Structure formats: C-alpha cells, structure tokens
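Respectively, the protein sequence lines represent chains A and B.
Heads up: the first sequence begins at 1 in my numbering, then just goes up one per residue.
Heads up: the second sequence begins at 239 in my numbering, then just goes up one per residue.
All C-beta atoms, glycine included, are put in the ideal place defined by N, C-alpha and C.
Note that the structure is predicted; figures quoted are calculated from it, not measured.
To start, the structure itself, in structure tokens.
2 protein chains.
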Amino acid sequence: MSPQKSIPQHRRLYEVLRKHISDGVYKEGDLLPSENELCQLFGMTRPTVRQSLSTLANDGYIRKHQGKGSIVHHLPREIGILSVSGTTSAVGDRNLKTKIIVKPVLMPWPRDFMFQLSELEKESGCIYMERVRLLEDVPIFYDISYIANINLPRITARQFENRSLFRILREHYRIEIKGGDQRIKAIRASTKISRFLNLKKDQPVLHLERKMETNIPGFFLYSSIFCNTEKYSIFGRF
Amino acid sequence: MSPQKSIPQHRRLYEVLRKHISDGVYKEGDLLPSENELCQLFGMTRPTVRQSLSTLANDGYIRKHQGKGSIVHHLPREIGILSVSGTTSAVGDRNLKTKIIVKPVLMPWPRDFMFQLSELEKESGCIYMERVRLLEDVPIFYDISYIANINLPRITARQFENRSLFRILREHYRIEIKGGDQRIKAIRASTKISRFLNLKKDQPVLHLERKMETNIPGFFLYSSIFCNTEKYSIFGRF
DNA sequence: ATATTTTACTTGTAAATACAAGTTAAATGA
DNA sequence: TCATTTAACTTGTATTTACAAGTAAAATAT
Chain A
1 MSPQKSIPQH
11 RRLYEVLRKH
21 ISDGVYKEGD
31 LLPSENELCQ
41 LFGMTRPTVR
51 QSLSTLANDG
61 YIRKHQGKGS
71 IVHHLPREIG
81 ILSVSGTTSA
91 VGDRNLKTKI
101 IVKPVLMPWP
111 RDFMFQLSEL
121 EKESGCIYME
131 RVRLLEDVPI
141 FYDISYIANI
151 NLPRITARQF
161 ENRSLFRILR
171 EHYRIEIKGG
181 DQRIKAIRAS
191 TKISRFLNLK
201 KDQPVLHLER
211 KMETNIPGFF
221 LYSSIFCNTE
231 KYSIFGRF
Chain B
239 MSPQKSIPQH
249 RRLYEVLRKH
259 ISDGVYKEGD
269 LLPSENELCQ
279 LFGMTRPTVR
289 QSLSTLANDG
299 YIRKHQGKGS
309 IVHHLPREIG
319 ILSVSGTTSA
329 VGDRNLKTKI
339 IVKPVLMPWP
349 RDFMFQLSEL
359 EKESGCIYME
369 RVRLLEDVPI
379 FYDISYIANI
389 NLPRITARQF
399 ENRSLFRILR
409 EHYRIEIKGG
419 DQRIKAIRAS
429 TKISRFLNLK
439 KDQPVLHLER
449 KMETNIPGFF
459 LYSSIFCNTE
469 KYSIFGRF
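Structure representation (structure tokens):
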C-alpha cells in the first residue's frame with residue numbers, strides 16, 4: 001500500500017486555486033484564468049478543470065458566470081469549521097487562541113444525548129472534551145465535543161493545545177469531515193456558559209448542535225457550541 | 239424567444255429524483271437506482287446522470303458512497319428557504335401560515351443598511367415588506383424583506399398572502415435565488431419583535447441577516463429575519 | 001464450517017470531442 | 001457619430017470511451 005494515497009488531478013487544482021485565493025494572489029472580484037487556460041497551465045482536460053471549479057464554486061470561493069468567467073468571491077475568516085464576521089476587519093489567525101477546559105477523557109455518553117446514537121456508538125462510549133476559543137482575547141466559542149470511541153488509540157493522550165482537533169483526526173487517523181447537520185437556537189446563557197464566555201447571566205447566546213459526518217461510515221463527531229455573538233456574528237453561505 | 243426556456247436534462251432528472259425523495263417514493267436510507275440504471279431509465283449518459291446526483295448530494299438529499307451507491311439522506315422540512323426541526327414530528331405544510339404585517343411598499347433604503355449597497359441599488363430605492371410566518375399557529379419567523387426596485391413593474395400590487403415571495407419572483411420575473419451570505423446572531427427581543435413573535439421582552443431571539451444572490455447580476459434580495467427558537471430550531475446542512 | 005479468492009457489481013477519475021448559449025469588444029454599417 | 005452586426009471569447013450541456021477503486025456477495029479452497 002502506498003504511504004501517500006494518490007491525489008486526483010481535479011483535487012490538486014482545487015487546492016492550488018484555493019490556496020491562491022486564500023493567499024490573495026487572486027483577490028475578490030478578480031477573474032480566474034479561463035477553463036481553457038487552466039487546461040494548458042496544468043495539463044488537464046476541460047472536464048477535469050471544470051470539476052475543480054465546480055467544487056470551488058460550491059465551497060463559496062468563486063462564482064461562475066456563463067460567458068464571463070469565474071469570479072473570486074469574498075472569503076470569510078474561519079475558526080474551526082465555523083466562519084465569523086465582525087466589526088473589526090482584522091480577524092487574522094494570529095488573534096485566535098484555543099484554551100482547553102476539559103482535556104479529552106473517555107466516558108459514557110450523556111443520557112438524552114442531543115442526537116440519536118447507533119448501538120455501536122452507545123456501547124463504545126465517547127471521548128469528551130471542552131474548549132474555549134478566543135478571538136483577540138475575547139472568548140467567542142465554548143465548544144463541547146463528543147467523539148465515539150471507535151478505533152482511536154491513544155487519542156486522549158494527544159496534545160490539542162495548538163492543533164485543530166480536525167487536523168489531528170486527519171493526519172493521525174485519516175478521518176475527514178465530509179459534511180453534517182446542525183441545529184441553531186438562541187438561548188439564555190446559563191451560569192456555567194456565562195462564566196466561560198465572560199458574559200452576564202441570561203444574556204442571549206447562540207447555541208449550535210452539530211453532527212458531523214466523516215469518510216468512515218457510521219463514525220460521527222458531535223459538538224455542542226455556545227457562541228458569544230455580541231461583537232462577532234456567525235457567518236455562513238448557502 | 240421561446241416562452242419556456244428549455245430545461246437541461248440533468249436538471250430534469252434532478253427535479254424528478256428530488257420530488258420522489260420529498261414524496262417518500264425513496265425513503266431515508268434507501269438506495270437510489272445505480273447510475274447505469276438511471277442512464278437507461280431516463281435515456282441519458284452517465285456524466286449527465288452524475289451531474290444530477292452531484293447536485294442532489296450537494297443539496298443534502300443524498301450521500302454517495304463509492305462501491306455502494308447513492309443513499310437517500312433524511313430530509314428537513316423547509317419554510318421559505320430556511321429549514322426548521324422541532325420536537326413535534328409533524329411539521330407538515332398544512333400547519334404553515336404567512337401573515338403580512340406590512341404590504342410591499344416602495345421606499346428609500348434605511349440609512350446604515352445591514353449590507354453594503356451598490357450605487358444603482360441606492361438610487362433605485364427598495365421595496366419593503368414585513369411578514370410573520372406561523373407554524374401550528376405559533377409565530378416562528380418575523381421577516382423583513384428589502385428588494386432593490388430594479389425592473390420589477392407592479393410588484394407592490396401583487397398578492398403575497400398565500401404565495402411564496404420567491405415563487406412570485408420566479409414565475410413572473412424569472413428570478414432565481416442562486417445562493418447567498420448570512421450572518422447569525424443571538425439577541426434580546428425588542429418590544430416590537432416580542433409583540434410579533436408573541437414572546438416576553440428580552441427573551442433570546444435568533445437574528446439572521448441575509449443577502450441572496452440571483453441569476454441577475456447585481457440584483458440581490460435582502461432580509462432580516464427574527465426567529466423564535468423556543469420550540470423549533472433552525473436546521474442546516476454543511 | 002471457515003477463511004480466502006474471485007466476480008460482479010457500484011461510484012470515481014479522466015480523456016477527447018462537439019455544439020449551445022451568454023458576454024464582450026471589435027468591425028461594420030448607416 | 002452612433003447604432004448594429006459580427007466575431008472571438010467565455011462557460012454550459014452532452015456524448016462516448018476507458019480504466020481505477022471500493023463494496024458485497026458468490027464461488028472456491030482449506
């Protein structure tokens with residue numbers, strides 16, 4: 001078995017263009033090279049190039065216009081797999097910190113869990129952790145994660161301080177997030193939540209419940225996220 | 239010019255499958271016919287069929303699995319272009335009502351509008367309307383819409399009571415929503431909002447600010463939506 | 001009986017080709 | 001000069017062909 005799975009061509013081009021947009025090589029409003037130009041530049045055929053562009057359009061990086069070309073769309077800043085938009089324009093990566101509240105521990109699932117669990121998940125128990133994410137030293141997210149304890153040796157021992165949970169899962173376990181469902185509510189901050197998010201009690205807080213699907217069938221990630229949306233909003237595309 | 243624009247084949251198949259899933263012909267967890275079977279059934283080639291399935295997967299109706307097939311994903315109920323999930327399973331279309339608070343009127347844009355406007359939009363003014371949407375006679379959404387007044391003759395005179403705003407735009411003006419951006423916040427209900435949503439003042443309310451893109455370049459729809467998420471959640475896919 | 005291999009499916013990737021339809025700017029006409 | 005037409009782009013749709021890779025069940029060997 002090859003150590004590095006071969007990457008499809010359309011994926012390769014996707015990553016290149018994605019990076020160029022992120023890095024500002026192509027700025028908002030810019031026209032990307034035409035499909036035929038990309039074919040020449042990268043030695044691919046048009047269907048392959050079109051697949052890359054289609055994925056980019058889907059992910060919101062570009063908008064395609066028949067007869068015109070592919071135009072770079074504005075790019076939101078992302079925290080984890082959430083995007084935020086705030087009043088201050090400088091939401092750079094530098095200003096983002098993660099604080100571990102509860103280190104990953106193995107425990108049984110909570111009774112009345114927010115999503116329905118399979119029998120296999122129930123039996124296995126879950127890895128539980130709590131984190132707070134700060135933007136410019138202001139706590140924005142209080143994130144409670146639940147991961148089914150299926151084939152994840154030594155995960156509780158790993159360091160989560162500076163790495164993204166998803167990067168660890170990808171790099172060490174080859175687990176990729178493919179999509180998911182979420183429920184969004186506005187609630188009052190409980191005493192616990194208000195403490196972590198540095199808010200007064202009963203202030204309105206955004207509550208997200210997420211079930212994330214992975215490339216492994218039957219293996220899901222769950223999180224319950226509380227957001228302080230006083231200064232920043234959750235940003236999304238549809 | 240033809241009165242009915244010709245519909246691409248991949249779109250036709252998309253609509254058929256989408257309807258079958260919505261109608262329960264294919265239920266959650268079911269395997270869709272294989273790509274080759276669909277080719278035969280609908281007289282298309284595989285790339286065409288694949289484009290339909292790809293769009294369905296993107297919209298969250300199915301999940302594709304290499305070697306297995308396309309599996310029907312569970313389907314949230316939709317209100318307008320938002321999805322809700324509640325404690326009661328029966329969120330049928332019958333239980334959904336729309337109440338007009340302010341009939342469409344032409345007026346200038348509010349100062350400090352939530353999104354940045356182009357010069358053309360500013361000059362044209364906007365069509366303003368307010369609606370409340372009720373689910374099982376409980377007010378769930380208080381929706382304030384802004385539409386740039388560009389080439390929309392007689393729109394203020396039309397009936398919005400029982401029709402979707404988007405259906406009117408599609409059928410009478412050939413305007414389709416292609417996507418958009420949104421910001422989500424949790425706020426306290428103001429007096430006005432609490433009245434329309436039948437809540438106590440200062441209760442937490444979900445606030446969505448949306449900018450919707452259409453098939454017409456430079457023409458956007460805006461809405462500011464306040465949601466009572468006590469009983470129902472906003473449901474989304476990513 | 002059990003474990004392994006094979007086989008027949010499924011979707012994924014990729015090429016080469018053709019024409020349709022929308023956009024823009026240059027060429028042409030009055 | 002100005003309006004119109006044309007031409008040269010762009011992306012959209014669709015066919016055909018070929019093989020790779022993942023899945024599951026049937027066939028085979030132990």
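The alpha helix (DSSP H) enclosing residue i, as first and last residue numbers
i: A:P47; result: R46 to N58
i: B:L251; result: Q247 to D261
i: B:K360; result: E357 to S362
i: A:F166; result: L165 to Y173
i: A:I193; result: T191 to F196
i: A:F238; result: No alpha helix (DSSP H) contains A:F238, which DSSP labels as neither H nor E.
i: A:E37; result: E35 to F42
Span of the beta strand (DSSP E) around residue i
i: B:D381; result: V376 to A386
i: B:H420; result: Note that residue 420 of chain B is Gln in the sequence shown, not His. Start and end: I415 to R426.
i: B:S308; result: G307 to V310
i: B:R349; result: Taken as a continuous stretch (DSSP letters only), B:R349 belongs to no beta strand (DSSP E), as it is neither H nor E.
i: A:I62; result: I62 to H65
Residue i versus residue j - alpha carbon distance
i: B:R249; j: B:V287; result: 9 Å
i: B:S240; j: A:L13; result: Any reading at B:S240 must be qualified, since the residue scores a pLDDT of 33, below 50, and its modelled position is unreliable; no value is offered.
i: A:N149; j: B:S432; result: 44 Å
i: B:L435; j: A:L106; result: 42 Å
i: B:Q278; j: B:L291; result: 15 Å
i: A:Q182; j: A:G43; result: 40 Å
i: A:K64; j: B:G298; result: 21 Å
i: A:R210; j: B:S471; result: 12 Å
i: B:R475; j: A:G180; result: 6 Å
i: A:Y26; j: A:H20; result: 6 Å
i: A:V133; j: B:Q304; result: Residue identity check: residue 133 of chain A is Arg in the sequence provided, not Val. A:R133 and B:Q304: Cα-Cα distance of roughly 36 Å.
i: A:K178; j: B:K341; result: 42 Å
i: B:I463; j: B:H312; result: 25 Å
i: A:E176; j: A:E119; result: 23 Å
i: B:P455; j: B:R408; result: 15 Å
i: A:Y222; j: B:C465; result: 24 Å
i: A:T229; j: B:R426; result: 11 Å
i: B:I309; j: A:L117; result: 19 Å
i: B:L334; j: A:N95; result: 44 Å
i: A:V16; j: A:R174; result: 21 Å
i: A:V138; j: A:K99; result: 12 Å
i: A:L32; j: B:R369; result: 40 Å
i: B:A424; j: B:E374; result: 24 Å
i: A:K231; j: B:I378; result: 25 Å
i: A:G69; j: A:A57; result: 12 Å
i: A:S6; j: B:S244; result: 40 Å
i: A:G125; j: A:S145; result: 13 Å
i: B:M352; j: A:P8; result: 41 Å
i: B:W347; j: B:E273; result: 49 Å
i: A:I184; j: B:I422; result: 9 Å
i: B:K430; j: B:R349; result: 19 Å
i: A:M129; j: A:L165; result: 10 Å
i: A:Q51; j: B:F457; result: 27 Å
Per DSSP, cross-strand counterpart(s) of residue i
i: A:H207; result: A:K185 and A:F226
i: B:Y366; result: B:V343 and B:Y384
i: B:F458; result: B:E451
i: B:L269; result: B:I309
i: A:L96; result: A:L135
Per-residue burial, residue i [other beta carbons within 10 Å of its own, 16 or more giving buried]
i: B:E359; result: buried
i: B:E275; result: exposed
i: B:I443; result: Before going further, note that residue 443 of chain B is Val rather than Ile in the sequence given. Counting Cβ neighbours within 10 Å, B:V443 comes out buried, since at least 16 surround it.
i: A:D143; result: buried
i: A:E28; result: exposed
i: B:N453; result: exposed
i: A:H207; result: buried
i: A:I62; result: buried
i: B:R405; result: exposed
i: A:I147; result: buried
i: B:R284; result: exposed
i: A:E123; result: exposed
i: A:T55; result: buried
i: A:I101; result: exposed
i: B:T326; result: Because the pLDDT of B:T326 is 49, which lies under 50, any placement of that residue in the model is unreliable, and the number read from its coordinates should be weighed accordingly. Exposed, since its Cβ has fewer than 16 Cβ neighbours within 10 Å.
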